[in-house]
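Accompanying notes for the structure given below.
There are 2 protein chains.
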Amino acid sequence: MLVIKPGQALTLWHRAMLAQVRDDDPDLTTRQMAILLTIYLDPPPHTVRGLAEHLGVTKPVITRALDTMGIMGFVSRRRDERDRRNVLIQRTVKGSEYLERLGLLVAHEAETVV
Amino acid sequence: MLVIKPGQALTLWHRAMLAQVRDDDPDLTTRQMAILLTIYLDPPPHTVRGLAEHLGVTKPVITRALDTMGIMGFVSRRRDERDRRNVLIQRTVKGSEYLERLGLLVAHEAETVV
DNA sequence: TCATATTGTTCCGGTAGCGTAATTATGGAG
DNA sequence: CTCCATAATTACGCTACCGGAACAATATGA
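Chains as they are written, first to last, in the working numbering: chain A, 12 to 125; chain B, 12 to 125.
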C-alpha cells in the first residue's frame, strides 16, 4: 500500500514523462504502453482478443501495437497449437529489460518527490 | 519523499495507463503530457523556446502540441507585450481540472498497490 | 537606418496510428 | 461434409505527428 498525495503523483508523473521524452528511444503510445505492461504484469496466456477486451479497444489496435512492439523487440507472437486460431503473445528479454528500467526510473524519481 | 519499489512503480504505471486508455477522451501523446505538466508544475513564464529546450525537442514540436492542446482547451497563448516575439503559454481552468483528476487517479490507485 | 539575430509559425514529404469493413484461417455443431 | 462461429489480420481512407527547412514578425546593435 502506497501513500501518495495527488500533487506528488503529478510531480512523479511529470518526471517520468520528461525522462521518456528526453531519451532518444521513440516513445510508446499510451495504448502500446498499456498493452506492454499488461503482457508483462498480468498472468499469461495473452491473446489479441483478450487484450482487446481488457483494454476496451478493437482487435486491429492490438495487432498494430504488437506489430510495432514486435519490430522493437519488446514482444513476440506464437501460434497456439491447441487452437490454431489463437495467437499467444510472449515476453522477450528486451521487453523485460525495458520495463525493468522503467520501474527503476520511476522508483528512483519517487525518492526525491517532496 | 516517497518509497516505491520498482515493481510497485510498474503496477502503478500500468493502472494509470489502463485508466487513460479505457476512458473515452483521446489520449495525449507522451510529449504533449510532458509539455502540459511542465506548464502546470514549473513556474511561469513559459515560452515555446523554453519548453523546447526543457524537453530536448524542436520548436515545431511545441507549436504543434500547443495547437492541439489549445483546441482541447488545456492551454492558451498570449503575446508577450514586453517582447512581442515571445508567446506566453498560460494555464486554463479546463487544463487544471484535467491534471487534478489525473493526480487524484494516480494517488487513488496507489492506495491499493501491494 | 539597416543589417543581423531571435522567436514562433508554417510548409513539405513521409510515417504511423485510427476506426470500420472485409478477408483468411481454423474450429465445432449438426 | 457443410455451415456457421470465432480469431486474427489486412485493406482502406483519414488524421495527427514527425524532422527539417523556409518564413514572417520583432528586437537589437553598429
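For every residue, glycine included, the Cβ atom is placed at its ideal position computed from N, Cα and C.
A quick note: this is a predicted structure, and the numbers were derived from the prediction, not measured.
| Item | Value |
| --- | --- |
| Proximity below 8 Å, CB of M80(A) to CB of V72(A) | no |
| For K105(A) and P84(A), the rounded distance between their alpha carbons | Note on residue identity: the sequence assigns Gly, not Pro, to residue 84(A). Cα to Cα, the separation comes out at about 6 Å. |
| Contact list for G143(B) against chain A, beta-carbon separation under 7 Å | Outside the displayed span of chain B (12 to 125) sits residue 143(B), for which this structure offers no information. |
| 8 Å Cβ cutoff met for Y51(A) and R112(A) | no |
| Start-to-end residues for the alpha helix (DSSP H) that takes in R42(B) | 41-52 |
| Contacts around P56(A), its chain only, beta-carbon distance under 7 Å, and the 5 residues preceding and following it disregarded | L99 |
| CB contact check: I48(A) to chain B, cutoff 8 Å | Contrary to the premise, residue 48(A) reads as Leu rather than Ile in this sequence. Closer than 8 Å: yes. |
| Residues, ordered as in the chain, of the segment 60-84 of chain A that lie near chain B by beta-carbon distance below 9 Å | H65, L66, G67, V68 |
| Proximity of A27(B) and A118(A) at Cβ, strictly below 8 Å | no |
| Unbroken alpha helix (DSSP H) run spanning V32(B), endpoints | 17-33 |
| Contact with chain B by R102(A), beta-carbon distance below 8 Å | no |
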